[in-house]
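Student:
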Amino acid sequence: MDKVNIPFLSATELSRLIERKEVSPVEATEAYLERIEDLDFKFNAYLTVCRNQALQDAREAERAISQGTYLGPMHGVPVAVKDQFWSKGIRSTGGSRILADFIPDEDATVVANLKKAGAILLGKTNVTEFAITGFTHRFSTPRNPWNLDMYAGGSSGGSGAGTAAFLCATSLGEDTGGSIRFPATWCGLVGHRPSWGLVSRYGVMSGVWSMDTVGPISRTVEDAAITLGAIAGHDPKDAYTWDIPVPDYRSALDGNIDGMRIGVIAEQLNNDLVETDVREAFVKATTVLGEIGASVDEISLPLTAYSSVMSGVLLNVEPAGTYRDWVRDRLQDFGHDNRIGLLTGSIIPAQAYYKAQKLRSLLRQQVHEA
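Mapped onto this note's numbering, the consecutive letters of the sequence shown carry residue numbers 1 to 370.
Below you can see the structure in the form of structure tokens.
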């Protein structure tokens, strides 16, 4: 295969070619690095590119595979991760000028898990400041590959732009209130926010600790499945992770959704915030799901009427607590929007936070009962 065409393969297709030794990890890594060098000035997908380390890791992967040691579907596959995750020996900014020169001495668990699976880290992708908001970028703003006048989405916009522009085979994002799902939606990708506790957050710079979740941003569902399979699992360093076996997500993609229950939240679909063409596309999709076996029902969750109030408290209070010392000592180094949010979170009373968490529990109960 011509090296220039390698980036246009899905991660799964590339994985199969690497396993069959028809494409080498070095060829794949070089192809992506060349594409990043040629094109990323348009997209601002990466904050840091790990060229030398990536090539070294690719050579090691190639050597292992040639000697009969194949680690699985991510072995030799070039990936990118959001610059919200620690990476040993590599600048990890969290999208903030406060950490512009921070170099961790260990990997976040998700990064370590990718390396353990044999993946090749191409670099760290663009992120809004500490992933607290969806729009405040302190270095550069990732552009949407489908239309450079448009935003790629946040806060994992670099992973969205990089994956959509074929600057990596698959990527990791982090989602608090849509930070995987927004870039995936806006860039035409598959974004999956896993259940809280399925993936370790050790070494992830916290946005809103009680909501942060790491997951894949990929070009296909199968790519997302193999990416999630590489990062999921119990981690002794994160007490909130589940101690359960990690299933083979790819083998579960048999197309059979008979009996699957899908709830359509009436209050979220039938309001003025949803544009007509978006609503129509959504309804068409749910109709197709119903035709191929799923049970699709409209449900009512009345408490969603208060969800913006609840999230407004959580999204301000928790970061204000996490970054309290910097709010006190380095407030001017935060972006304008974050300064406002962090100061607001610093004066919201504990009683309001308690009520927001109580409302969240009640809303969760409504979901279970729907």
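Just so it is clear, CB atoms sit at the ideal spot from N, CA and C, and this is done for glycine as well.
#1: Below 8 Å on the Cβ atoms is my guess for I217 versus G173; work out the distance and round it to an integer in Å.
#2: How would you call P7, buried or exposed, if buried means at least 16 neighbouring beta carbons within 10 angstroms?
#3: I'd like the list of long-range same chain contacts for S200, defined as Cβ closer than 6 Å, with 5 residues on each side in sequence excluded.
#4: Give the straight-line distance between the Cα atoms of W186 and H192, rounded to the nearest whole angstrom.
#5: Tell me the rounded alpha-carbon separation between D325 and A165.
#6: Express the C-alpha separation of Q351 and T170 in angstroms, rounding to a whole number.
#7: With DSSP as the reference, identify every bridge partner of D175, one or two as the case may be.
#8: Over the uninterrupted beta strand (DSSP E) stretch that includes M150, give me the two end residues.
#9: Where do the N-terminal and C-terminal ends of the beta strand (DSSP E) with R59 fall, by residue?
#10: Using alpha carbons as the reference points, say which of E106, D38 and V309 lies closest to L359.
#11: Roughly how many angstroms separate the alpha carbons of L64 and K21, rounded to a whole number?
#12: Please name the residue in L314, V296, R138 and H336 whose C-alpha comes closest to that of I348.
#13: Beta carbon of G160, beta carbon of L189: below 8 Å?
#14: When you compare only the Cα positions, how much space is there between G203 and E291?
#15: What residue does the beta strand (DSSP E) around V79 start on, and which one ends it?
#16: Classify V317 as helix, strand or coil using the three-state DSSP reduction.
#17: By alpha-carbon positions, which one of M260, E267 and I132 ends up nearest to G177?
#18: Would a C-beta distance cut-off of 8 Å place T371 and S155 closer than the cut-off?
#19: I'd like to confirm the pairing. Which residues does DSSP put opposite E298 in its beta bridges?
#20: Leaving aside the five residues before and after V246 along the sequence, list all residues of the same chain whose C-beta is less than 8 Å from its C-beta, in chain order.
#21: Buried or exposed: where does Q56 fall if 16 or more other Cβ atoms within 10 Å of its Cβ makes it buried?
#22: Measure from the alpha carbon of N113 to the alpha carbon of each residue in G134, F135 and W86, then state which is nearest.
#23: In the DSSP assignment, the alpha helix (DSSP H) including T304 goes from what residue to what residue?
#24: L301 and L362: beta carbons closer than 8 Å?
Tutor: Reading it off the structure:
#1: Counted from its first residue, the sequence shown places residue 217 at position 217. Counted from its first residue, the sequence shown places residue 173 at position 173. With a Cβ gap of about 5 Å, I217 and G173 count as contacting.
#2: Within the sequence shown, residue 7 is the residue found at index 7, counting from 1. Buried.
#3: In the sequence shown, residue 200 corresponds to position 200, counting from 1. The answer, listed in chain order, is T109, D235, D238 and T241.
#4: Here the question's residue 186 lines up with position 186 in the sequence shown. Here the question's residue 192 lines up with position 192 in the sequence shown. Computed Cα separation, rounded: 14 Å.
#5: The count along the sequence shown starts at 1 and reaches residue 325 at position 325. The count along the sequence shown starts at 1 and reaches residue 165 at position 165. About 38 Å.
#6: For the purposes of this step, residue 170 is identified with residue 170 of the sequence shown, where counting begins at 1. For the purposes of this step, residue 351 is identified with residue 351 of the sequence shown, where counting begins at 1. Answer to the nearest angstrom: the Cα atoms are 42 Å apart.
#7: Along the sequence shown, read from residue 1 onward, the residue named residue 175 stands at position 175. Its beta-bridge partners are T213.
#8: Here residue 150 refers to the residue found at position 150 of the sequence shown. N147 to Y151 is the extent of the beta strand (DSSP E) around M150.
#9: Taking the first residue of the sequence shown as 1, we reach residue 59 at position 59. Boundaries around R59 are those of the alpha helix (DSSP H), R51 to S66, since no beta strand (DSSP E) includes it.
#10: Sequence index remark: in the sequence shown, residue 359 carries index 359 (1-based). Selected option, being the one with the closest Cα: V309.
#11: The sequence position of residue 64 within the sequence shown is 64, counting from 1. The sequence position of residue 21 within the sequence shown is 21, counting from 1. This sequence places Ala at residue 64; Leu is not what is there. Between A64 and K21, the C-alpha separation is close to 11 Å.
#12: Counting from 1 along the sequence shown, the entry for residue 348 is found at position 348. Comparing Cα positions, the closest option is L314.
#13: Position 160 of the sequence shown, counted from the first residue, corresponds to residue 160. Position 189 of the sequence shown, counted from the first residue, corresponds to residue 189. It is a contact, given that the beta carbons lie within the stated cut-off.
#14: The residue given as residue 203 occupies position 203 in the sequence shown. The residue given as residue 291 occupies position 291 in the sequence shown. Taking the straight line joining both Cα atoms gives about 43 Å.
#15: Sequence index remark: in the sequence shown, residue 79 carries index 79 (1-based). Unbroken beta strand (DSSP E) run through V79: P78 to K82.
#16: By one-based count along the sequence shown, residue 317 stands at place 317. It is helical.
#17: Position 177 of the sequence shown, counted from the start, is the residue given in the question as residue 177. Of M260, E267 and I132, the residue nearest in Cα terms is I132.
#18: In the structure as shown, the chain starts at 1 and stops at 370, and residue 371 therefore has no counterpart that could be examined.
#19: Start at 1 with the first residue of the sequence shown, and residue 298 comes out as number 298. E298 is bridged to V264.
#20: Along the sequence shown, read from residue 1 onward, the residue named residue 246 stands at position 246. Here the set comprises G229, A232 and G233.
#21: Residue numbering aside, residue 56 sits at position 56 when the sequence shown is read from its first letter. Per the 10 Å Cβ criterion, exposed.
#22: Your numbering for residue 113 matches position 113 in the sequence shown. Closest by alpha carbon: W86.
#23: The residue given as residue 304 occupies position 304 in the sequence shown. No alpha helix (DSSP H) contains T304, which DSSP labels as neither H nor E.
#24: Within the sequence shown, the letter at position 301 stands for residue 301. Within the sequence shown, the letter at position 362 stands for residue 362. Against a cut-off of 8 Å, the Cβ pair of L362 and L301 comes out as no contact.
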